[in-house]
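Reading through the structure tokens given below for one structure.
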Amino acid sequence: MAKQISSKNKAVTPVRLTNNELVIHFESPKERKKIEEQKKIEEQKRVEELERQKAELKRQKDRASILRSVVIFFLILIIGSFLYLLAQYVFPKNNVVVKGLPSNLGLVYMAPKYLAVGDENAVEITLTNLDSIEPFNGTVTLIISDPTNSVTSTLDRRMSIPIKDLFPNDKLTSQFRLRLSKDPSTEIISFHFQITLPDKTQYFSDDGVFLVSPVQGIRSIWIWIVGASSLISLIISFLFDRFINLLGVQK
């Protein structure tokens, strides 16, 4: 009797089931099938949403690529046009050996082919003392035939360069700095050099010409662009990124 009583009083440990086990245990086949179908539908929706997101991302990348190509095209067009203007009106120079001078003096000048209103230009001269014994002394003056006084000097309005004791076979290089301050009355401006010796004897070179550029300030613009090229690149890059963001395009 004692053994039977102790077995009856023995504690019984309950079996704990998880929620999933309970659900599976009490689900009917019809309910299980319905849940499986619902899971398939949700999985299909998830796959479709991923595909939709991928397609939208591809469309955004395509739009960004097209926009980038359009921007690059216009940039190339603008830069190409500007480079054409530079090649036409800024870069060309005349390199001339001057005639009509004293026999003991050689003069070569390099001058821009075109002058543009508002630009500062340089006429560089190289003088050579051709005498093998005596030094050369005198003054070289740039004389511009401009009835409207459109061309002015930017070096304290000096248009003369004094030469003192240029030794035999030596060379001297100097510049006249000029500015076309307003539109001239003609498209061609003539100039020549006057050499004045200490005894007041004067010599006159053959005429040279400046052509007038139809584009005002192009040399100044070019100089500014060269000086600010890094800043301009950063600004263009920033503006392009902002434009892309405004369109809602992901790069």
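Residue numbers for the sequence shown follow my numbering, so the first one is 272 and each next one is one higher. By construction, the Cβ of each residue, glycine as well, lies at the ideal position given by its N, Cα and C atoms. These numbers come from a predicted model, not from an experiment.
Should residue i be labelled buried (16 or more other beta-carbon atoms within 10 Å of its own) or exposed?
i	result
V361	buried
V411	buried
L293	Confidence is the limiting factor: at L293 the pLDDT is only 49, short of 50, which leaves the residue's position unreliable, though a coordinate-based value still follows. Burial call: exposed.
Y380	buried
F447	buried
I337	exposed
P455	buried
F481	buried
I434	buried
I466	buried
L437	buried
Shortest alpha-carbon distance to residue i belongs to which of the options?
i	options	result
S416	M381, H463, A382 and E405	H463
A393	P383, D402 and A387	P383
S421	L386, T397 and I312	L386
R450	P373, N440, V483 and I434	V483
G479	K325, W495 and S461	S461
P418	D402, T457, L346 and S424	T457
Is it true that the CB of residue j sits closer than 9 Å to the CB of residue i?
i	j	result
L468	N400	no
V368	L378	yes
E391	T444	no
P373	E405	no
V388	S452	yes
Check the DSSP bridge columns for residue i and list the partner residues they point to.
i	result
P406	None, per the DSSP bridge assignment.
G371	Beta-bridge pairing links G371 to no other residue.
G479	F462
K364	P383
V411	I432 and I466
I396	Y380 and S445
L451	V388 and V422
L437	F407
S416	S461
Below 8 Å on the Cβ atoms is my contact criterion, and I expect residue i with residue j to pass it. Report the Cβ-Cβ distance as a whole number of Å.
i	j	result
G371	D477	6 Å
L413	K442	About 19 Å; that fails the 8 Å criterion.
I489	L356	6 Å
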